[in-house]
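Here's the structure, in structure tokens; my notes come after.
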Amino acid sequence: MRCMKKTKRVTRVLLSLLLILATMFSGWGSYCVLAEGTDVETPQSDPAKEEKAFEYLYVEKPYITTPDTQRIVLSLKDGATAENGILFYKNQETGETGEIASSQIEGEAILFEKEYVDTSESGIYSLTGAKIVSQGKETEFSLEEEEVQGKFGVNRSVETQPDAYMEEDGAIKTAEEVKTTEEPLEKGTTEVTVASENAEGEIVSDSVVGSSVEDVSAKIAATVPAPAPLEGSKRNIVIVLDPGHGGGDPGAAYFGETEKNLALKIARYCKAALEQCPGVKVYMTRDSDRWVGNGVTNANSDLAPRVAFAKSVNADIFVSLHLNATGTGAGKGAEIYYPAGSYGSDAGTIAKGLAQSIQKELVALGLYDRGTKAGDIFHVVRETTKAGIAGILIEHAFLDNAGDYEKFLNSEEKLKKLGQADALGIIKYLNLEGGKIGGTWVKDGAGWWYRYMDNSYPVSQWLQIGGSWYYFNDKGYMHTGWLTQGSKTFYLQSSGVMRTDWMQLGNGWYYFAVNGEMAAGWLNLGGDWYYMNPQQNSFGRKGVMRTGIVTDGGARYYMNPQKDQNGAEGAMRTGWVLDKGKWYYFNPGVTTVKPFGAALTDWVKYQNAWYYLESDGSMKTGWLQSGTKWYYLLPSGEMATGSQNISGKTYRFNDLGEWTTEQSKPQTGWKNSGKQWYYYDEQGRMAVGWLKQDGKWYYLNPTDNAAGKKGVMRTGWVKDGNAWYYLNPTSDKNGPEGAMCTGIVTEGGNRYYLNQKADQNGAEGIMRTGWILEKGNWYYFNPGTTVAKPVGAALTGWIEYQGSWYYMNTDGTMKTGWLELGGKKYYLLPTGEMATGTRSIDGKTHIFNASGEWQKEQTEKKSGWKNVGDDWYYYNAQGVMQTGWIQEGGAWYYLNKDVSEGQKKGVMRTGWFQDGTVWYYLNTKADQYGPRGAMRTGWLEQPEGKYYLNPGNSPYGPKGAMCTGWIRLGEMWYYLNQKKSPEGLLTFTGHSIMGKTGVTVEQMVKMYAKSGRNYPAEKLSAGNAPTIRDFCRIVYEEAEAEGVKAEVVFAQAMKETGYLQFGGDVKIEQFNFAGLGATGNGVSGERFADVRTGVRAQVQHLKAYASTESLKNTTVDKRFQYVSPKGSAPCVEALGIQDNPAGRMGWAMAKGYGFSLYSTYLEPMYSL
């Protein structure tokens, strides 16, 4: 039955609501309760009850079984709108009260949703009241006073009484009348009632009763083989899936579900499975809740359009998907109908074999076998076969049978299995190639893999899943990151999806074609040229987009370093470009001497002026000798002609730019004077400071000093700012005299390291300290921690670093492996760290004491860690392999108790690991947090964010357990995803409401004074707070009594009252400083005897949100009981309902309420 109202107008509203929100609330098995006094078409109405706050209350499910979500719709009066709403409820069994915030609003209809997770929330719930915010005003009313009984059960059955039902003839019957007149349908019949609205606004009802269909053939044991026409066909096999019913025809409806919705879901899963097979084209008669035909108004007239659609796409096979029902719940199992007649083709034979193949797969799922039967009585079976299409109709299970519903229909996973079983039956019958269907993502300790329905999985291959491409390695695991196949490179994102188009990785951009192949070399996109690194080199990895000047084929090009008016980042530029203080001219197509975009060299004419470009493409300025001729290029680069004043002298140049006088040439380049070297630029000016010549850097004294005269070339150690550099004292393998050295150099018997290029560690040539990796060897250059060597010198022998010991060879290189020293043996790990404790080396367990000395006798015992291939095992002192949790060397490890997730018994686990219901993280490699396999605690950084692992046994769980929900660390609260993916991920941080007060009374007084408001002494004296200091003292005392931070109470009171100025519905005489009970529209809220009582009520209400602890003082907050669950907003920032990550709960509806409270009131107060 449908839930109908007693009035035409109200019925229209309800039907409109259901159509508008159909995609959200599909499968409602609900009831409707009218507010007494609505405008109903009854002979009499009570005028006193006509003006009510709402029209009706709509409860989706009379009862639910956890876990599930209850949805409730409250409709306001016609034309009214709402911005927000809260629904109040009470558990009649436990007495617990609570509230549900609105989740969506459509016109006058308000949707409320509440998730019930487990059996602890069981009971019969009644809806007691509501608060609605409309046009900025709040209205609160009691549903009990409105005489509306809205109730439902959670894991409990409950009697619900809708106001009225609409019968097939359009007549209105009460619920009691329906009980006495309703008769069960006969077995094999299906009744569907469709209600619609005609042009006059009246409700029209059509009733369609299907005839009982008898079994016309016995179950056929033999399987009919696929006929020749479908074998080896060169064209795609075309399959049409027809989800039964739809639009105004719901089909059977039980357990809150409708046949039309479930049939559509099964069809979608079937289609997805079939499309994994090559040579198959799949269509659906409908992919949404609608009629198939245009202009269709009833179920019978919607049958022919389904057949017509199959004909229009040249279908070979037509499969109509349905669910069965008897009306009594007695029927069970699956049955499939096929055409008994041939109708002039072999379509009937094909349909019969197809039906048998699919029935076999459905029965394999556990469905009762009702057999395959002749079904010419069905229009779609008969008419498709007449058209030469093999047509069948599948009745998957009985929707009105509780057993069938629970086993096969009540979850997406179960519906998916039905759809995949249909597909598997089709695939097996047609002998389709590549028929790997199903598909479930599975994660184990080694990663993600994809399990087909037959339990096989893809290996060493690409696979398209859900429209995205994935690659599975030789062990069947989903690949992520870079993948090279031959000369082609691909990138698989962390989700495994093959990347296409642009992608930024680190600081670099890459481009992947539609087939996923990474571009390398020149790339043209939309008319712009880009240069993608053709191979890995000092500029980055292969494929990274280059910017700035690049060299290719002996020519230089300029790629835009950032997006600007000149083009996109990385796009090739042409024309004049200024780069690092130098001008270049890149061929815009004016010459064929160089490729398009290449930097031109030699003489270039531009806008009637001549310029000279050096061999590197940079524009020349100053003096230029070309052959025997001298030229002068102005600072603009333009070649000089005529008379020019240069450095105070007059020079003459002819029209060709040639210098025509015999005056002395300017002094340029290196000059030696008294065994000292100086450098002069092209204008003859002496250079000072850093100078780069022929790719080498030199340092020329900036002033006269102890090292020499101004301009003299320096050698040896030079300090520039806070950095040291080393300049070659003589020409040798390190370069010319005076040239800045890089890499490792030896001076005074010590080795030093000078930065080879500018990077995050400093400028090129700067002396480095600390750890350095050079040519595969690690060195440690003295950062000043010892006086045994000069600062910067490579240390040798034993050194201690961050609590670990390392051994540096005489050449400064870090030692790894075995070391014999002074008659004792040591082992240096691959990281260089001296081994202590138990270590596995070359597959053998060795033991070292705390000084790192190898313990021969203990080592030769058959106990400790053992390595087999890539797997680690642990043996006790008796040589017995251990399983489960073990503690070794101060760390916890987990060894497989049995074969699981593809790993052997006893193998040490790494990565995420679930033990029972608790998740742990075990180190995937040795790092600063511990050895490989060691259980992590504390904060854990992962690519998707942060997780918190319990550092010790506590209310948050056992040590190492991944925490979820709210946790408190110090004065901060953190929210870690709970029952939301990815579970445990940190999503919210806030400042604790409970705890030690962080301000003094004096700081609160200063905060009030800072506001510039006058304290209302006269009004508040009546409440025993004659001064602001008295008021703040009361706040401090009341907050401290309950363990609430006084500054939070004070800040909220100031925010809610405008620094005690009031001005709204709440009056100062009420001593209500937090608007408790004030709902708008003149409702002033609670009134308290004095200031202390009002503050106490506010403190108690805050504590209800922030803590699960009981109150210390007698309850004065009447609304304390309505806050449920207690402790739902433990931090200031979570007081806003729209901000709280744990669900729609909190103090205020306004978004950002808690954030504003902290930034505007609390944070400034702390600094006073």
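Going by full-length UniProt numbering, 131 is the number at position 131 of the sequence shown; the sequence numbering is gapless.
Note that beta-carbon positions come from the ideal geometry of N, C-alpha and C, so glycine has one too.
Here TYR584 is actually not in contact with GLY622; their C-beta atoms are around 17 Å apart, not less than 8 Å. Nearest to ALA520 by C-alpha distance, out of LYS815, PRO534 and THR650, is PRO534. Taken in chain order, the complete beta strand (DSSP E) segments of 3 residues or longer contained in the UniProt repeat "Cell wall-binding" (459 to 478) are 461 to 465 and 468 to 472.
Going by DSSP, PRO243 is part of the beta strand (DSSP E) stretching over 237 to 243. Per the DSSP secondary-structure output, ASN537 pairs in a beta bridge with GLY540. Counted as a single uninterrupted DSSP element, the alpha helix (DSSP H) harbouring LEU415 occupies residues 412 to 430. Within the DSSP bridge table, the entry for ASN91 names TYR125 as partners.
About 6 Å separates the CB atoms of THR384 and ALA310; that is less than 8 Å, so the two are in contact. Cα atoms of GLY247 and ALA304: separation of roughly 15 Å, rounded to the nearest angstrom. For GLN70, the number of other beta carbons within 10 angstroms of its own is at least 16, and it is reported as buried. Judged by DSSP in its simplified three-state form, SER102 adopts strand. In terms of Cβ geometry, THR480 and GLY496 form a close pair [threshold 9 Å]. One alpha carbon belongs to LEU940, the other to ASP289, and they sit about 45 Å apart. Annotated three-state conformation of GLN1070 is helix, per DSSP.
In terms of Cβ geometry, ASN587 and LEU600 form a close pair [threshold 9 Å].
Under the DSSP definition of a beta bridge, SER345 lacks any partner. If you draw a 10 Å sphere on the C-beta of PRO943, you find fewer than 16 other C-beta atoms in it, and that means exposed. Of the other Cβ atoms in all chains shown, fewer than 16 fall within 10 Å of the Cβ of PRO67; this residue is therefore exposed. C-alpha of TYR1166 to C-alpha of GLN1052: approximately 15 Å in a straight line. One alpha carbon belongs to TYR429, the other to ILE336, and they sit about 15 Å apart. Going by beta carbons, TYR801 and LEU828 fall outside the 9 Å limit.
In this structure, the beta-carbon distance from LYS696 to ALA739 falls below 9 Å.
Between ASP552 and ARG499, the alpha-carbon positions lie close to 27 Å from each other. Going by beta carbons, LYS265 and HIS245 fall outside the 9 Å limit. For ARG1096 and ASN1081, the gap between their C-alpha atoms comes out near 26 Å. The shortest C-alpha to C-alpha distance from TRP610 to any of ARG370, THR641, ILE766 and GLY957 is the one to THR641.
Residue range 777 to 781 is occupied by the beta strand (DSSP E) that includes ASN777, with no alpha helix (DSSP H) assigned at that position. Counting C-beta atoms within 10 angstroms of its own C-beta, MET545 has 16 or more neighbours from the protein chains shown and is therefore classed as buried.
In this structure, the CA atom of ASN300 is about 11 Å from the CA atom of VAL292. Proximity to GLY1146 across THR816, TYR929 and GLY1127 peaks at GLY1127, based on C-alpha coordinates. Note on ASN314: under 16 other CB atoms within 10 angstroms of its CB, so exposed under the neighbour-count rule. Counting the other CB atoms within 10 Å of its CB gives ASN896 a total of 16 or more, which places it among the buried residues.
Short of 6 Å from the beta carbon of ILE105, and not among the five residues preceding or following it, lie these beta carbons of its own chain, in chain order: ALA82. VAL712 and LEU700 do touch by the CB rule: their CB atoms are close to 7 Å apart, below 8 Å.
At least 9 Å separates the beta-carbon of TYR1161 from that of HIS991.
Remark: C-beta atoms of PRO339 and ALA374 approach each other more closely than 9 Å.
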